[in-house]
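In terms of this note's numbering, the sequence shown opens at residue 2 and continues consecutively.
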Amino acid sequence: KDKNGKELVFEGRVVEGDPNTSGHVISTTAGSGSDKRTINYSTDRVVGNGSFGVVFQANCLETNETVAIKKVLQDKRFKNRELQIMKMMDHPNVVCLKHSFYSTNEKEEVYLNLVLEYVPDTVYRISKHYAKMRQ
2 KDKNGKELVF
12 EGRVVEGDPN
22 TSGHVISTTA
32 GSGSDKRTIN
42 YSTDRVVGNG
52 SFGVVFQANC
62 LETNETVAIK
72 KVLQDKRFKN
82 RELQIMKMMD
92 HPNVVCLKHS
102 FYSTNEKEEV
112 YLNLVLEYVP
122 DTVYRISKHY
132 AKMRQ
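In C-alpha coordinates:
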(Lines of atoms letter the chains of each structure in order from A and count residues from 1; the text may use other names and numbers.)
(Lines give C-alpha, C1' and ligand atoms only; values in the text may rest on other atoms or scores of the structure.)
Protein backbone atom coordinates (compact mmCIF):
# COMPACT_ATOMS: atom_id res chain seq x y z
CA LYS A 1 0.00 0.00 0.00
CA ASP A 2 1.13 3.55 -0.62
CA LYS A 3 1.23 6.38 1.96
CA ASN A 4 -2.51 7.00 1.47
CA GLY A 5 -3.42 3.33 2.03
CA LYS A 6 -4.11 2.66 -1.66
CA GLU A 7 -3.20 -0.86 -2.80
CA LEU A 8 -0.26 -0.76 -5.22
CA VAL A 9 -0.30 -3.05 -8.25
CA PHE A 10 3.02 -3.80 -9.89
CA GLU A 11 3.55 -5.33 -13.28
CA GLY A 12 6.54 -7.36 -14.30
CA ARG A 13 7.77 -8.08 -17.75
CA VAL A 14 10.19 -10.61 -19.13
CA VAL A 15 13.07 -8.65 -20.62
CA GLU A 16 15.13 -11.61 -21.78
CA GLY A 17 14.42 -15.28 -22.49
CA ASP A 18 11.39 -17.58 -22.51
CA PRO A 19 9.09 -16.95 -19.50
CA ASN A 20 8.07 -20.62 -19.40
CA THR A 21 11.59 -21.92 -18.78
CA SER A 22 14.40 -21.08 -16.39
CA GLY A 23 17.03 -18.60 -17.51
CA HIS A 24 14.73 -15.66 -18.24
CA VAL A 25 15.09 -12.19 -16.68
CA ILE A 26 12.08 -10.43 -15.14
CA SER A 27 12.00 -6.67 -14.55
CA THR A 28 9.47 -5.17 -12.12
CA THR A 29 9.08 -2.18 -9.81
CA ALA A 30 8.62 -1.82 -6.06
CA GLY A 31 7.63 1.16 -3.94
CA SER A 32 5.97 4.37 -5.04
CA GLY A 33 6.88 8.00 -5.61
CA SER A 34 10.46 8.79 -4.66
CA ASP A 35 10.83 5.26 -3.19
CA LYS A 36 9.98 3.60 -6.53
CA ARG A 37 12.77 1.36 -7.84
CA THR A 38 13.27 -1.26 -10.53
CA ILE A 39 14.07 -4.81 -9.48
CA ASN A 40 15.41 -7.47 -11.86
CA TYR A 41 15.30 -11.21 -11.24
CA SER A 42 17.14 -13.90 -13.18
CA THR A 43 15.45 -17.30 -12.94
CA ASP A 44 17.94 -20.09 -12.27
CA ARG A 45 15.82 -23.26 -12.31
CA VAL A 46 12.34 -24.66 -11.81
CA VAL A 47 12.00 -26.02 -8.26
CA GLY A 48 8.32 -26.99 -8.34
CA ASN A 49 5.23 -27.36 -10.53
CA GLY A 50 1.56 -27.49 -9.64
CA SER A 51 -1.84 -27.42 -11.28
CA PHE A 52 -2.00 -23.61 -11.20
CA GLY A 53 1.62 -22.59 -11.67
CA VAL A 54 5.35 -23.01 -11.29
CA VAL A 55 8.02 -22.05 -8.74
CA PHE A 56 11.41 -20.77 -9.90
CA GLN A 57 14.59 -20.37 -7.91
CA ALA A 58 15.77 -16.90 -8.91
CA ASN A 59 18.44 -14.35 -8.16
CA CYS A 60 17.79 -10.66 -7.50
CA LEU A 61 20.32 -8.93 -9.74
CA GLU A 62 20.47 -5.80 -7.55
CA THR A 63 21.15 -7.55 -4.21
CA ASN A 64 22.39 -11.00 -5.34
CA GLU A 65 19.81 -12.53 -2.97
CA THR A 66 18.39 -15.96 -3.84
CA VAL A 67 14.57 -15.94 -3.87
CA ALA A 68 11.69 -18.16 -4.96
CA ILE A 69 9.22 -16.77 -7.49
CA LYS A 70 5.87 -18.54 -7.42
CA LYS A 71 4.02 -17.83 -10.68
CA VAL A 72 0.30 -18.61 -10.33
CA LEU A 73 -2.36 -18.37 -13.04
CA GLN A 74 -5.19 -16.05 -12.01
CA ASP A 75 -8.14 -18.11 -13.19
CA LYS A 76 -11.30 -15.99 -13.35
CA ARG A 77 -13.35 -18.98 -12.16
CA PHE A 78 -11.57 -19.04 -8.78
CA LYS A 79 -10.95 -16.37 -6.18
CA ASN A 80 -7.26 -16.48 -5.33
CA ARG A 81 -6.61 -15.13 -1.84
CA GLU A 82 -3.00 -16.28 -1.61
CA LEU A 83 -1.56 -12.76 -1.89
CA GLN A 84 -3.83 -11.36 0.84
CA ILE A 85 -3.03 -14.29 3.13
CA MET A 86 0.73 -14.06 2.52
CA LYS A 87 0.67 -10.34 3.35
CA MET A 88 -0.87 -11.16 6.74
CA MET A 89 1.52 -14.00 7.59
CA ASP A 90 4.35 -13.33 10.01
CA HIS A 91 5.66 -16.57 11.46
CA PRO A 92 9.16 -18.10 11.63
CA ASN A 93 7.87 -21.35 10.06
CA VAL A 94 6.27 -19.65 7.04
CA VAL A 95 8.31 -18.23 4.15
CA CYS A 96 8.39 -14.44 3.98
CA LEU A 97 6.68 -12.56 1.12
CA LYS A 98 9.21 -10.06 -0.22
CA HIS A 99 7.40 -8.64 -3.23
CA SER A 100 4.58 -9.41 -5.66
CA PHE A 101 3.67 -8.40 -9.18
CA TYR A 102 1.40 -9.40 -12.04
CA SER A 103 2.46 -10.51 -15.51
CA THR A 104 0.75 -11.68 -18.69
CA ASN A 105 1.71 -14.11 -21.43
CA GLU A 106 1.13 -14.10 -25.18
CA LYS A 107 -2.42 -15.42 -24.60
CA GLU A 108 -3.12 -12.44 -22.29
CA GLU A 109 -3.49 -14.78 -19.30
CA VAL A 110 -2.77 -13.00 -16.02
CA TYR A 111 -0.29 -14.44 -13.52
CA LEU A 112 0.36 -13.45 -9.92
CA ASN A 113 4.09 -13.65 -9.13
CA LEU A 114 4.97 -13.99 -5.45
CA VAL A 115 8.62 -13.28 -4.64
CA LEU A 116 9.31 -15.33 -1.54
CA GLU A 117 12.15 -16.17 0.79
CA TYR A 118 13.98 -19.14 -0.75
CA VAL A 119 14.15 -22.29 1.35
CA PRO A 120 16.27 -24.97 -0.37
CA ASP A 121 14.46 -27.96 1.12
CA THR A 122 11.00 -29.21 2.06
CA VAL A 123 9.59 -30.03 5.49
CA TYR A 124 9.01 -33.59 4.27
CA ARG A 125 12.65 -34.16 3.26
CA ILE A 126 13.99 -32.58 6.46
CA SER A 127 11.70 -34.68 8.68
CA LYS A 128 12.67 -37.81 6.71
CA HIS A 129 16.37 -36.97 7.22
CA TYR A 130 15.94 -36.54 10.99
CA ALA A 131 13.89 -39.75 11.23
CA LYS A 132 16.76 -41.67 9.58
CA MET A 133 19.30 -40.11 11.95
CA ARG A 134 17.32 -41.31 15.01
CA GLN A 135 17.45 -44.96 13.90
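Virtual Cβ for every residue (Gly too), placed ideally from N, Cα, C.
Minimum length 3: unbroken beta strand (DSSP E) runs contained in the region 71-123: 98-105, 111-118
Validate contact between the region 113-120 and the region 94-104 using beta carbons, cut 8 angstroms, 3 pairs: Result yes; three or more Cβ-Cβ pairs closer than 8 angstroms.
Chain-order list of residues whose beta-carbon lies under 6 angstroms from that of Lys133 (same chain, five-residue window excluded): Translated into positions along the sequence shown, residue 133 becomes position 132. Excluding residues up to 5 positions away in sequence, nothing lies with its Cβ nearer than 6 angstroms to the Cβ of Lys133 in the same chain.
Short Cβ contact (8 angstroms threshold) for Ala69 with Gln85: To locate residue 69, count along the sequence shown from 1; it is residue 68. To locate residue 85, count along the sequence shown from 1; it is residue 84. Not a contact, by the Cβ cut-off of 8 angstroms.
Simplified DSSP state of Gly51, which is helix, strand or coil: Indexing the sequence shown from 1 puts residue 51 at position 50. Here Gly51 sits in coil by DSSP.
Whether Glu110 touches Leu74 by CB criterion (8 angstroms): By 1-based counting over the sequence shown, the position of residue 110 is 109. By 1-based counting over the sequence shown, the position of residue 74 is 73. It is a contact, given that the beta carbons lie within the stated cut-off.
Candidates Glu63, Thr44, Leu62, Cys61, of which the one nearest Val55 by Cα: Within the sequence shown, residue 55 is the residue found at index 54, counting from 1. Answer by Cα proximity: Thr44.
Beta-bridge pairing of Gln58 - partner residues as DSSP gives them: To locate residue 58, count along the sequence shown from 1; it is residue 57. The partner list for Gln58 (beta bridge, DSSP) reads Arg46, Ala69.
Sequence-distant residues of its chain with Cβ nearer than 7 angstroms to His130 (five each side left out): To locate residue 130, count along the sequence shown from 1; it is residue 129. Same-chain partners within the cutoff: there are none.
Nearest residue (CA-CA) to Ser101, options Gly49, Glu83, Asp76, Asn50: If you number the sequence shown from 1, residue 101 lands on position 100. When each option's Cα is compared against that of Ser101, the closest is Glu83.
Val48 to Lys37 span [Cα, whole Å]: Within the sequence shown, numbered from 1, the residue matching residue 48 stands at position 47. Within the sequence shown, numbered from 1, the residue matching residue 37 stands at position 36. Looking at the two C-alpha atoms, the distance is approximately 30 angstroms.
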